[in-house]
Structure formats: C-alpha cells, structure tokens
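Visitor: Each residue of the sequence shown is one higher than the last, beginning at 1020 in our numbering.
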Amino acid sequence: MRGTKIVVLTGAGISAESGVKTFRDNDGLWENHRIEDVATPEAWQADPQLVWKFYQARRRQMNEVEPNPAHEALAKLESELNEFTLVTQNVDDLHERGGSSNVIHMHGRLQTLRCETSGQIEHRMDDSDLKDEYAFCNCCAEPSRMRPDIVWFGEIPMQMEEIYAAVESSDVFIVVGSSGHVYPAAGMVHVAKSSGAHTILVNYEMPLNGLDFDEVHLGKAGEILPDLVESWLTE
Ligand code: NAD
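1) In whole angstroms, what separates the C-alpha of Phe1103 from that of Thr1131?
2) Have a look at Gly1173, Tyr1153, Ser1197 and flag the residue whose alpha-carbon is nearest the alpha-carbon of Lys1239.
3) In its own chain, which residues sit with a C-beta less than 8 Å from the C-beta of Ser1163, not counting the 5 before and 5 after it?
4) For Leu1093 versus His1114, is the C-beta distance shorter than 8 Å?
5) Please determine, among Met1179, Val1106, Arg1116, Gly1215, the residue with the shortest C-alpha to C-alpha distance to Val1195.
6) So, does the segment 1167-1181 touch the segment 1220-1229, judging by three or more C-beta pairs under 8 Å?
7) With 16 as the cutoff for other CB atoms within 10 Å, does Thr1253 come out buried or exposed?
8) Near Asp1112, which residues of its chain fall below 8 Å by C-beta distance, leaving aside the five closest residues on each side in sequence?
9) Nearest CA to the CA of Ala1058: which residue from Ala1035, Trp1171, Phe1192?
10) Between Ser1189 and Ile1025, which are expected to be in contact by the criterion C-beta below 8 Å, what is the C-beta distance as a whole number of angstroms?
11) Are there 16 or more other CB atoms within 10 angstroms of the CB of Leu1230, so buried, or fewer, so exposed?
12) Taking Ser1213 as the reference, give the member of Phe1192, His1200, Met1020 with the closest Cα.
13) Along the chain, where does the alpha helix (DSSP H) containing Val1208 start, and where does it finish?
14) Should Gln1108 go down as buried or exposed, given a rule of 16 or more other Cβ atoms within 10 Å for buried?
15) Under the assumption that Leu1028 contacts Ala1204 (Cβ atoms under 8 Å), give the Cβ distance between them as a whole number of angstroms.
16) Could you check the C-alpha separation between Lys1150 and Met1165 for me, to the nearest Å?
17) Going by DSSP, which residues form a beta bridge with Pro1167?
18) Less than 8 Å between C-beta atoms, sequence neighbours within five positions excluded: which residues of the same chain meet that for Val1110?
19) Compute the beta-carbon to beta-carbon distance between Leu1244 and Gly1199, rounded to the nearest angstrom, for a pair I have assumed lies under 8 Å.
20) Quick one: residues in its chain with C-beta nearer than 6 Å to the C-beta of Trp1251, no 5 flanking neighbours on either side, listed in chain order?
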C-alpha cells in the first residue's frame, strides 16, 4: 500500500478495548441513556443538566483510559505513508495519545467546549472544568454557558468538504469499528467505491453496511489491526 492514498475512518469500536463503551453493542443505549436523550440539540434544550452531566462523565472517563494497539497501529501506518488521512467519528482523544498527529474529528471532541453565544472553542480539561456544574466561556464580556463541542444527531458534521475530498481521491478506504448506522459516515464507503477505491472493513461483527466492502476482517481491532497494518505495509 506504500505509494497509494489511504483514508481510514474509525468509529466507537476502535476505542472499545480501551474501556470506552460504544453506542450499540447490546441494547441500543449509550452508557444507559437513550441517544435522543443525551445526543441531540433537542435534549440540550429540554434538559441541559442531564446532557451536561452525561458529557462531563465522558470527559472525566477519557482521562482514565489509554489507547490500545489498534490506535497505535494506525499511528504507525500514518508515520510510514506519505498520503494518509485519518477521520474519526470518535470524540475521545485516543488516536492522538496513540501517536497519530493528524486526526479529523468529524463529530467533535470531548476535550474542547464551545461558547453557546459566540461559538468559540476552548480547550478545557482542568479539574475545575470537569465538575458537574456548567462551565462558562472566557470569550464574552458576560461569560456565557458552554456546551459540549460535540456534533449531535441532527447537526452537521465537521470538516466534511475536506473529508469528502480525501475519500474521493483515495485508492484504499478502510473503516475500523463502526456499526454503519450513523450517516453521513456510514455512506462514505459508497463514495469511496464510486471513486474506484478498494474498500476494507475491520469490525468485531458484520455491521449493517458490511456487504458494501470489498474486503472484511472480523475480530477485535486491537487484536487484528496491528498484523493487518504490518501486511499492508509490505504489500
Ligand atoms: P457504534 O457504537 O454504532 O458501533 C461500534 C461498532 O464497533 C459495532 O459495529 C461493533 O461491533 C464494533 N466493535 C465493538 N468492539 C469492537 C472492537 N474491539 N474492535 C472492532 N470493532 C468493534 O459506533 P459508530 O459507528 O462509531 O457510531 C456511533 C457514534 O457514537 C459516533 O457518532 C461517535 O461520535 C459516537 N461515540 C463515540 C465514542 C468515542 O468517542 N469513543 C463512544 C461511543 C459513541
């Protein structure tokens, strides 16, 4: 795969072996919550305290988990290839801590907060930022409440132009740990295929859109991705 353009899209499954729960493994709930109760703009309007506390718990949890061999394998792939783009649906920072230097977070990030008034983003991971009380911005004269810097269901994912440009020009498109339920990420395999890319899936089980891929590797990413990366680097 050296000399080819590779785009990797990761989902919650790549962080599962680090101890971060995915969305849909068992019951359709995320950490015991219905998705529409914690991950929509309507939920933030209706019950901001519940949503805030939910994301504060996710932010605190991020400090307690470590990257796993799957994150590290993708960092190795990046370091060995000239044309490599990593796009993640994940809001955690495990790719960065696993060694990846260029990560596109299409669904936002847990370590930043967004001013509700100005939209400005601040890195806010001090102990005082991780409490259950709301955080307030440093940008407005009258400090405004901040919201999680997360793309909720019904909102537009970030950096989509850049992502589509990369996917459309890729030679190989690889998805790791994604259920194929959440659009537009789930549809990117079609964009890649119609642009002529070879498509590869690495997932614990066959997901909804599994048959859309040219090549499927089923198993835990932390267990099978390191060897796959080694084999891709010798191809
Ligand atoms: P998802 O939860 O819908 O699907 C996860 C997929 O990963 C499943 O198909 C599952 O079989 C697979 N999986 C589970 N363990 C695995 C492992 N060890 N190795 C490989 N695959 C494994 O996740 P999604 O498709 O990313 O979509 C859900 C949304 O959830 C995204 O928008 C994302 O922002 C959000 N989310 C993010 C995090 C995170 O940042 N870590 C965690 C939960 C949810």
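We put the beta carbon where it would ideally sit given N, CA and C, even for glycine.
Guide: Let's see:
1) Taking the first residue of the sequence shown as 1, we reach residue 1103 at position 84. Taking the first residue of the sequence shown as 1, we reach residue 1131 at position 112. Phe1103 and Thr1131 have their alpha carbons spaced roughly 25 Å apart.
2) Taking the first residue of the sequence shown as 1, we reach residue 1239 at position 220. Of the listed residues, the one whose Cα sits closest to Lys1239 is Ser1197.
3) Taking the sequence shown and counting its residues from 1, one reaches residue 1163 at position 144. Hits under 8 Å: Cys1134, Glu1135, Thr1136, Ser1137, Phe1155, Cys1156.
4) Looking up residue 1093 in the sequence shown gives position 74. Looking up residue 1114 in the sequence shown gives position 95. With respect to His1114, Leu1093 sits close: the two C-beta atoms are nearer than 8 Å.
5) To locate residue 1195, count along the sequence shown from 1; it is residue 176. Selected option, being the one with the closest Cα: Val1106.
6) With a cut-off of 8 Å, the segment 1220-1229 and the segment 1167-1181 do not count as touching, because too few Cβ pairs lie within range.
7) Translated into the one-based positions of the sequence shown, residue 1253 becomes position 234. By the neighbour-count criterion, in which a residue is buried when 16 or more other Cβ atoms sit within 10 angstroms of its Cβ, Thr1253 is exposed.
8) Here residue 1112 refers to the residue found at position 93 when the sequence shown is read from its first residue. Contacts found: Met1081, Arg1128, Leu1129, Gln1130.
9) Residue mapping note: residue 1058 aligns to position 39 of the sequence shown, counting from 1. The residue among Ala1035, Trp1171, Phe1192 with its C-alpha nearest the C-alpha of Ala1058 is Trp1171.
10) As a working note, residue 1189 is residue 170 in the sequence shown. As a working note, residue 1025 is residue 6 in the sequence shown. Ser1189 to Ile1025, Cβ: 6 Å. Contact.
11) Residue numbering aside, residue 1230 sits at position 211 when the sequence shown is read from its first letter. Exposed, because fewer than 16 other Cβ atoms sit within 10 Å of the Cβ of Leu1230.
12) Locating residue 1213 in the sequence shown gives position 194, where the first residue counts as 1. Here the closest residue by C-alpha is Phe1192.
13) Position 189 of the sequence shown, counting from 1, holds the residue named residue 1208. Here the alpha helix (DSSP H) through Val1208 covers 1207-1213.
14) Position 89 of the sequence shown, counted from the first residue, corresponds to residue 1108. The residue is buried, with at least 16 neighbouring Cβ atoms inside 10 Å.
15) To locate residue 1028, count along the sequence shown from 1; it is residue 9. To locate residue 1204, count along the sequence shown from 1; it is residue 185. Contact annotation, Leu1028 with Ala1204: C-beta distance approximately 6 Å; criterion of less than 8 Å satisfied.
16) Within the sequence shown, the letter at position 131 stands for residue 1150. Within the sequence shown, the letter at position 146 stands for residue 1165. Lys1150 and Met1165 have their C-alpha atoms spaced approximately 13 Å apart.
17) Residue numbering aside, residue 1167 sits at position 148 when the sequence shown is read from its first letter. Pro1167 pairs with Leu1132.
18) Indexing the sequence shown from 1 puts residue 1110 at position 91. Result list for Val1110: Arg1077, His1124, His1126, Gly1127, Arg1128, Leu1129, Ile1169, in chain order.
19) As a first step, residue 1244 is located in the sequence shown; it is residue number 225 there, counting from the start. As a first step, residue 1199 is located in the sequence shown; it is residue number 180 there, counting from the start. Not a contact, Cβ separation roughly 18 Å.
20) Walking along the sequence shown from the start, residue 1251 turns up at place 232. Answer for Trp1251: Met1020, listed in chain order.
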